[in-house]
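Participant: Provided herewith is a single structure, encoded as structure tokens, for subsequent inquiry.
In my numbering, the protein residues as written are 11 to 259.
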């Protein structure tokens, strides 16, 4: 096997190993379209969602104008944001968001925005999914563009970390997980990620929303073993290069 072919095989094997660590770091700035992210559309035909090329943060934005109880955006197909989070020791999820209007019968109001990680596979019989969620902060028409994010420091935590809630638990026990589920077990099978003002387990008043999002991002922390593989692999390539050089001499 030639040195160049050996290097290619090694690179492909390292890339294949890294690809198994889902999710992986990515940013969606809507310059290439919605890239698998869905946005709410109205039932009455008034308003809607789409790419706005004039109001993003250095790029187009995904804008939603809708009369509803809340507003949401999510993906169940962009693989960078889905899969087994427990393969990584930590991950940061964030976005840029701007509320042009949240109008409740002529009065501007604020709403909390949560990020929700949903598992559709192992769920209570009467619910569509189990999820964990985090309140990223509040949005309203006075704040302009703001960046909101959360970092999961321990993806293998069994208990809900501080600030996190769960969906699927018994009524009357607050935002908690159903029996037999843990924070880590939900993170091990994330089928959909959603940014929403519809905080699970709560009721909301009808309002007019005009909200745009941009730069949806996920930043994954690689496993230490990944660094070891990379360093070891580069060392192997270097050793092979030196051996070939000596042989040629």
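The beta carbon of each residue, even a glycine, is placed where N, CA and C say it ideally should be.
1. Excluding the 5 residues preceding and the 5 following residue 134 in the sequence, name in chain order all residues of the same chain whose CB lies nearer than 6 Å to its CB.
2. Please report the distance separating the alpha-carbon of residue 75 from that of residue 59.
3. Throw me the rounded Cβ distance for the residue 48 and residue 84 pair, which I believe falls under 8 Å.
4. I need the straight-line Cα distance from residue 224 to residue 128, nearest angstrom please.
5. Is the distance from the Cβ of residue 131 to the Cβ of residue 145 below 9 Å?
6. Using the beta-carbon count (16 or more within 10 Å), is residue 126 buried or exposed?
7. Nearest CA to the CA of residue 57: which residue from 77, 201, 148?
8. Could you tell me which residues DSSP puts in a beta bridge with residue 78?
9. Which word fits residue 141, buried or exposed, when buried means at least 16 other C-beta atoms lie within 10 angstroms of its C-beta?
10. Mark residue 143 as exposed unless 16 or more other C-beta atoms lie within 10 angstroms of its C-beta, in which case mark it buried.
Facilitator: Taking the structure as given:
1. These residues qualify, in order along the chain: 178, 188.
2. Rounded to whole angstroms, residue 75 to residue 59 spans 6 Å at the Cα level.
3. A Cβ-Cβ separation of about 6 Å places residue 48 in contact with residue 84 under the 8 Å criterion.
4. Rounded to the nearest angstrom, the two C-alpha atoms are 21 Å apart.
5. no
6. buried
7. 77
8. 217
9. buried
10. buried
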